[in-house]
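Data first, discussion second: the structure below is written as structure tokens.
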Amino acid sequence: MNELIAILNDIRPGQNFSKADNFFEQGVLDSLDLTALVAALESRYDVFIDVDEITTDNFRNLSAIKTLLERKGVWSSSAA
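The following block contains the structure:
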């Protein structure tokens, strides 16, 4: 999870990602940040995130992003 927070901090420094329940509703991330996050995750973890998966639900908080990455085989559900 720390690696994910580091990626998010590269995109939007100074935010408290671990405290946010919904990055978009709370103004922590915007649509441009989401685009950068998808690109960073695809590059870092060598995964493809389909356009249908790029939703605010899948990226609303750390838990949702972790779940998406688990579905992609990046982490097991007990890791991160």
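If you count the sequence shown from 1, position 61 lands on 42 in the numbering used here, and the numbers rise without skipping. Every residue, glycine too, gets a C-beta built ideally from N, C-alpha and C.
For residue i, collect the residues of the same chain with a Cβ closer than 7 angstroms to its Cβ; drop the 5 residues on either side in sequence, then sort them by chain order.
| i | result |
| --- | --- |
| Ala45 | Asp38 and Asn39 |
For residue i, collect the residues of the same chain with a Cβ closer than 6 angstroms to its Cβ; drop the 5 residues on either side in sequence, then sort them by chain order.
| i | result |
| --- | --- |
| Ala61 | The pLDDT assigned to Ala61 is 48, lower than 50, so where the model puts this residue is not dependable, and the model offers no usable value. |
| Lys0 | none |
| Lys53 | Val28 |
| Ala21 | Ile(-12) |
What is the rounded straight-line gap between the Cα of residue i and the Cα of residue j?
| i | j | result |
| --- | --- | --- |
| Tyr26 | Leu49 | 12 angstroms |
| Glu(-16) | Phe5 | 20 angstroms |
| Phe(-2) | Leu(-11) | 8 angstroms |
| Arg41 | Gln7 | 10 angstroms |
Is residue i helix, strand or coil when you go by DSSP?
| i | result |
| --- | --- |
| Ser24 | helix |
| Ala1 | coil |
| Lys53 | coil |
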